[in-house]
Every structure is written in C-alpha cells, then in structure tokens.
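Engineer:
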Amino acid sequence: MQKNKFVQIMFGVSTSVLLLSTSLSVEAKDKGRHYGMHNPFQISDLPAGQLKEKLERLSPKAREKAKSRLDSLRFHDRDLPYMRSDNEGGIYIADPINPDAQLSSAQRTIEAAAVLPVGLDVFKLHSKPGASNIVYLDFDGQVVTNTAWNTSGSPSYTAKPYDIDGVSGSFSDTEKANIFEVWRRVAEDYAPFGIDVTTELPASFGPKTARVLITNNVDANGLDMPAKNSGGVAYINVWGLSDFATKYSPTFAYHNQVGGPDNIAEVVSHELGHNLGLSHDGTSTAAYFSGQGSGMISWAPIMGAGYYAQLSQWSKGEYADANQAEDDIAIISSKLAPVTDDHSNTRVGATPLTIDSTGHIFSSTPIDSPSDQTPVNRGVISTRTDVDVFSFTTGAGNVVLQATPLRELSAERGGNLDISLSLYDAAGNLITTSNPADETDAGINTTLAAGSYYLAVDGVGSVNYSDYGSLGQYFIEGVLPLAPTDTTAPNPNPMGWAVAPEAASRTSIHMTASTATDDSGSVEYYFACTNGGSGCIDSGWVKSPDFTLSGLAINTSYSFTVKARDLAGNTTESSALSSATTLANQVPLATADTASVVNNTSVAISVLANDSDPEQDPLSIQSVTQGSNGSVSFTSSGVTYKPNSGFVGTDSFTYTINDSFGATATATVTVNVTAAPVSTVNRRPVAVNDSIKVTPGQSVTIYVLSNDYDPDGDALTITKAKEAERGYVANIGKALIYKAGRRTGTDSISYTISDGRGGKASAKVNVYIVR
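Take 1228 as the starting number for the sequence shown in my numbering and just add one per residue.
1. Tell me the rounded alpha-carbon separation between T1893 and G1854.
2. Express the C-alpha separation of G1433 and V1465 in angstroms, rounding to a whole number.
3. Could you give the C-beta distance for I1608 and G1533, rounded to a whole number, given that I count them as a contact under 8 Å?
4. Beta strand (DSSP E) containing I1671: first to last residue?
5. Taking only three categories from DSSP, how would you classify F1516?
6. Tell me whether the stretch 1821-1840 and the stretch 1794-1806 touch, counting them as touching only if at least three CB pairs, one residue from each stretch, are closer than 8 Å.
7. Could you spell out where the alpha helix (DSSP H) holding A1375 opens and where it closes?
8. Between which two residues does the beta strand (DSSP E) holding T1928 run?
9. Enumerate in chain order the residues of its own chain whose CB-to-CB distance from Y1692 is below 6 Å, with the five nearest sequence positions on each side excluded.
10. So, is N1448 buried or exposed, given that buried needs 16 or more other C-beta atoms within 10 angstroms?
11. For R1296, which residues of its own chain have a beta-carbon under 8 Å away from its beta-carbon, when the five flanking residues on both sides are left out?
12. Can you tell me whether I1996 is buried or exposed? The criterion is at least 16 other CB atoms within 10 Å of its CB, across all chains shown.
13. Any contact between the stretch 1505-1512 and the stretch 1656-1673? By contact I mean 3 or more CB pairs, one from each, below 8 Å.
14. Using 8 Å as the threshold, is the C-beta distance between T1478 and A1437 below it?
15. In three-state DSSP terms, what is M1722?
16. Going by C-alpha distance, which of N1812, D1400, A1988 is nearest A1890?
17. What do you reckon, are the CB atoms on T1425 and Y1363 nearer than 8 Å?
18. Which of the three DSSP states is assigned to P1287 in this structure?
19. Would a C-beta distance cut-off of 8 Å place R1605 and S1590 closer than the cut-off?
20. At the level of alpha carbons, what is the spacing between G1924 and A1914?
21. Straight-line CA distance for G1968 to S1989?
22. Just the C-alpha distance for A1755 and Y1785, rounded to the nearest angstrom, thanks.
23. According to the Cβ coordinates, are D1322 and G1486 closer than 8 Å?
24. Using C-beta distances below 8 Å, list every residue in its chain close to E1729, excluding the 5 sequence neighbours before and after it, in chain order.
25. When we look at the beta-carbon of R1998 and count the other beta-carbons within 10 Å, is it buried (16 or more) or exposed?
26. Mind checking whether L1563 and G1748 have CB atoms under 8 Å apart?
27. Evaluate K1920 with the Cβ neighbour count: other Cβ atoms within 10 Å of its Cβ, from every protein chain shown; 16 or more gives buried, anything less gives exposed.
28. One question on the structure: do L1633 and P1597 come within less than 8 Å of each other, judged by their Cβ atoms?
29. Helix, strand or coil for Y1309 per DSSP?
30. May I have the straight-line CA-CA distance separating V1253 from S1689, to the nearest angstrom?
31. Taking only three categories from DSSP, how would you classify K1279?
32. Go through its chain and collect everything with a Cβ distance to L1648's Cβ below 6 Å, but skip five positions before and after it.
33. Taking 8 Å as the CB-CB cut-off, is Q1629 touching chain C?
34. Sort G1696, R1792, T1907 by Cα distance to I1559 and report the nearest one.
35. Of all the beta strand (DSSP E) runs that stay within the bounds of the stretch 1738-1789, which reach a length of 3 or more residues?
36. In chain order, what residues of the same chain lie with their CB nearer than 7 Å to the CB of Q1519, ignoring the 5 residues before and after it?
Okay, here's the thing in structure tokens:
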C-alpha cells in the first residue's frame, strides 16, 4: 500500500491520498458492551465477576473513586476478567501470561549476546537523553512499600533482580544482552514520542517518570507479587497524576511468566500503555487480538497480544471484528508530545545524505551504537503524515539505496515501521518507488545520470495493516558513483537583485534575488540582514529567490545582501548591499461625539463607532479625562459617563485612542444632562400603621402623618378617622387626638389620608390602654 505524497514531498502541500485494500476498510465493530468514556454505566450494570464483587465491597468513598477512574476509560465486556480494583478504588490491569513462555529464553539469547557491544554499560542506556518524560526499565530489583500495591497486599515486597541463570548477585553477558534488547525494542515502540526510555536510575521520580520493574512473580522472601499469575500488571490512566510515582508505581513485568527479551519488551510497552490510559485491543470474542497475516508483514496491536507478529504497532481498531476503536496514538500524544521532526518533509531543507570517500552510505543503529543520537543517514517517522526527504549528488552509473527499519537479530524483528522509498530528480519528478508487498524494508537499485536527486522515506501499510501505526526508526545504507568534484558556484557570481529590497508594509520588507543557475540543477539562497532595528535576522538557506522579512520596526532602515549555493556547497559572493525603510505609521482619526443623559443615571457611549484608521488597524481606547460635573470610566472599546447628583447642564471630557502601533489621537465628548421629566400620573400616597400606649382617661395627640409619605412629594392631610370603641377620636387635619376611656384593653383607630390630587390611602393606629 502506498500513500501518494508526491505533491506534498516536492512542494510542501499538505495533500495525501490513502489507498486502502478492501480488507482494511473495516470499521471497528462494537460487538458486546462498552463501558466508561462515552458509554455511561452504573456498577450494577457490570456483569457478575471479580471486578464487580470487589467494587460492591468497597467503602462508599473508595467506590466513588473507582467509578470515577472507570468513567475515564473505554473498556469492553472482554476486558472485565483482567480488571481489578484495590481497596482504595485504584483500577489496575492484570494481563495474562504468555502460554509459550517456557519455550523462549536460553537458546534465543545465545544469538542476542553476540551483538552486545564491548564495554557497553547496559544500565546507562538512554533513547532520548534530557527528555522531560521518562520510563525507567528497572532490572536490578526494588523494595516496594507505601504504594497502592501494598494497600491490598503485603506491606512490603522485595522484588528480585532480573535473573535467568539462578545467580542473582550479578548479571551474565546473556542477561546483559537481554536487557539491551528489551531496551531497544521498547525504545522503538516509543520512538515517535517525547519520552526517554532508560535503564539508568533517574535522579528523581515525579508525575512524568514511570518505573517498569522487570522481576519475578515471587519476591525474595517467597511472597507472591501483586497478581502473581499474570504476565504484567499496571495501574491504568495514572500517568501525570501528582502521586503517580509514589503511589501507582512501579508497573510490573514478570519475566519468568512471559519468556525472552522480545516478549518482555512487548509486556513493558503494553503495561506502560496502560499507565498512559490505553485499553486493550481485542475482538468480540477475545480481550487480546493476537494479530493477522504471515511472514515478515505479520501484524498485531501492542495493546493486544503482540508476541507472535513481526510488527506490533499502536492501533485504533482498523482490523476486522475489532472491539476497540480507541485512538492509541492520539491518547499517547496527549501525554507524550510527538518528537520534533528530524528531517524536512519537502525538498526545501532536505537533509544531504552523508557519503564517504568511496561512495558508500552508512548508518549507525541502536544495535551497534546505542548512544548515537545524530540523525546521519537515519531518522524517525514520527506521525502518519511525516515524510523524511534527503538529497544527494551522484556521478553517472548504478545507484543502490536501502532503507531498513529496526530489525532485531532473533525472534520477531521488533520494528514498527513499514517503509516506502521514492526517488526524485532535481526538479521534483518521480523516478521510481520501492514498497515490497511482503517486506518492511525498501530498496532502490537503478542507473542514474550524474546530478542531484532526492530520496523520500515514508511509513506505509500493507494488506494486514494501514499506515496508522507505521512509525519508528529507519536506517539508510547504499553505494553510488562519486560525482565529479564540483567547484563552480552558481551563476551569477556575485549574486544580484532582480527586485531590490522595498517596504511591503510598516513591519515587513520584500526582496527578490536574481534567479541563479547551476549544473547541479538545484540552488538555494541566503538573505542576510546586515543592519537595522528589531527583527533584523537572516533567512537561512531557502529554495525560493523571493523573500519577505517580517516583524520589523516601523519607519526603520534595514540593509540586506544575498548569496546562492549549489548542492555541493559552492557559494557565490554576496550581492551589493541594498537598503529599504519600512513604512511609517499613520495616526488614527478620532471624531468628536455627543451624548445625552438624564440626571442621576449613566450613559454608555460608543466613541469608537465614528473613529477610523488609515491602515484599517483595530483601535482601542487608551485613556480618558474626567468631566467637570461627572465621572468617566472606560474599557478598551467604550466609555461610560455618569453626571454628578442633581447636575443639569452641559459637560464634556476627552478620550485618547491608539492603533496598537503607538500612534494616538484625542477627541472631545459633549454630554447634555437633562432633568428627569415630571410625571403626569399621580401616584397614591402610602399610609403606615402606628401604635401607642395610654392610661385610662388619658388624652394624646397622634401624629400619624410622620411615617406616611407620598411618592410624588405631595402634601398629605387626614380626611377621615373612624371612631374607636374604647375612646374618643378627633381629626385635626395633620394629626389625631385620642382620649381613652376608663377601662384597660386594646383599641383601634382607622384613618384615611389624601394627597390632594385624588390619591388616598388608609392605615390604623393600635392603642394599648394600660394602668
């Protein structure tokens, strides 16, 4: 299967066409039930089994935690037999053993030991030294205490060192070779991601440092390790938690349960995948898919059972009858960002192949040079759309180029990448492609004319898998006729200007070099900014003779030269110095505004609505002054004016705008403040109840209007008072006179008030006659 990336490779256009065989055009089928993320459930919905029974026995707090953890996952009916909860609600996976574990170790490792480089310290291996994310492959044992593993098991485990010869105090050459191989295979699985796979104890452990302990399933004191009957055990979706390193680590890989280094590596990558939040890749009838296909392109998902396939890759359930459509790479990338692309995807910036004096192309590999991190004749396909492009110059004759993924010398190969090679001429025309249907490497053997060419390395799929997980390391080797020594620089020499530098805007200058020619057919240009203000930087070597430098200072002079070079590195003399000045910034236009507001209220004024800028720059309000008779507040887009209490008349203030380039303008806002209109609708007065105490026979004056009021401010009078039962009442217009009778008790006086405009209200006075 081949991705057509010709346009993308040659011209940088993000276009790709994926040709999938019919057998791969099968969407993941949801047979059986899914739970967790996007599939809400209650614990009571789970089928009977170990997990459900454990969850139902947990305390409410622990059960709530477990349910929250399960809700963050996507798991299937078939996963449930392997899922566990600890006593605090932590969720972990106990993956089964490899049934063929006893067939592997001794005879396999004889061949592996032969590739152990002399003097190599297998306990100081690093795949990406300095990366912020780390996984430590721990082969020398550990005391495990005060972790989540201890809450449901022993308070302490003394995990044994990796040991296959019964001599636990030291590591034999065979054991060291196995450690070396496990590291290489795991490093390959995680090559596309920003994580250092290391066998050296990190200086510290934190949320982004994992420990995978390769040990025996019985500890040094004869205690069963957690989930003893499993091949690997890991808490799921704990990477990045603040207590990941202290509570949910280590992850276990029981080497005596799974076999040789190839199988140990599968377990390590699989269990670390659980730490990162990945669930299993299975089918409607099995929790673990063991793969498909045969020969060198047999395939299985890493989160399935990859023991028996030549390629094990990250998956998103593209195989038939998949029970899991989880996007492994997207989930891992959310925790471990993809590595920085090591080679250009296009001819622009293509990496020259390194060719020795005899015309041979060699590359180091993790097998022969594990500490070599330089991308010389090697690289990593890190994403599905990544294509690595190399350039080379050859003499006329037969050219042989071979690209090979990581390939272990024993058992399954261990590489994740299936390679396609494409050869292009200097103009970007496709010459030939190699993508063997039954192999993962690719080679080109062809006769070429002397000249410059490009080689593109791409990750592709086959009848057994798509290009989704076809990621990983590759190594280029070959031989070609040496090109005649080229000592001639491109023409013209010195370089010149087709269009001298000129201002393109206030912050950019454009220029065009003379188009250079060279016998090699390929020329690059270098534009140097020799003098100027901020942003004065060189272009670096670029393919186009057109160049625009942006991010410059306004109204500032900049000076430039340009030179050219060919593929052999022959460089012209620089052009004559040429200068240009960026455009000056024009000031915005602030236009006066008027507004009206009723006193004792405020008004929002959109002062920018009638302002403008000659260059269409967005405008914002920078500052305001205060009015003489009111206060002004502002945001970047508007102002609010509030007159002083009781003020009526004309007030004014100013505001200043800017265009974000430092130019400002000021305008005046005039505000007409008017009095609130007098209401023509009479509002009723409000009468409020009163109460008094008197003695028998006492006469008092009650000023009932003292707490009554009129919303319009009208004068109030008492128009009627109802006679009391235990005393006598007199209305004197502004008050009532009450004379109590001779007996004690309570009395009540009802009265009505008027505002003189037809508005009336009534209330009462409660009278308490006491001795």
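Note that beta-carbon positions come from the ideal geometry of N, C-alpha and C, so glycine has one too.
Structural biologist: In this structure, then:
1. 15 Å
2. 12 Å
3. Incorrect: roughly 19 Å between the Cβ atoms, too far for contact.
4. 1669-1675
5. coil
6. no
7. 1375-1378
8. From DSSP, the beta strand (DSSP E) with T1928 extends over 1926-1929.
9. W1526
10. exposed
11. G1316, G1317, I1318, I1463, N1464
12. buried
13. In short, these stretches do not touch, since the Cβ pair count stays below three.
14. yes
15. coil
16. Distance check between A1890 and each of N1812, D1400, A1988 places N1812 closest, using alpha-carbon atoms only.
17. With a cutoff of 8 Å on beta-carbon distance, T1425 and Y1363 are scored as near each other.
18. Three-state result, P1287: helix.
19. Contact flag set, yes.
20. 27 Å
21. 24 Å
22. 10 Å
23. no
24. I1736, H1737, M1738, A1807
25. Under this definition R1998 is an exposed residue.
26. For L1563 and G1748, no; Cβs fall outside 8 Å.
27. exposed
28. no
29. helix
30. For V1253, the predicted structure reports a pLDDT of 36, less than 50, and the residue's modelled location is therefore unreliable. A value from the coordinates is still provided. If you take the alpha carbons of V1253 and S1689, they lie about 14 Å apart.
31. Note: K1279 maps to helix in three-state DSSP.
32. A1630, S1661, A1669, I1671
33. No chain C appears in the structure shown, which is made up of a single protein chain.
34. G1696
35. At a cut-off of 3 residues, the continuous stretches assigned as beta strand (DSSP E) that sit fully inside the stretch 1738-1789 are 1750-1758, 1773-1776.
36. W1526, Y1546, N1691
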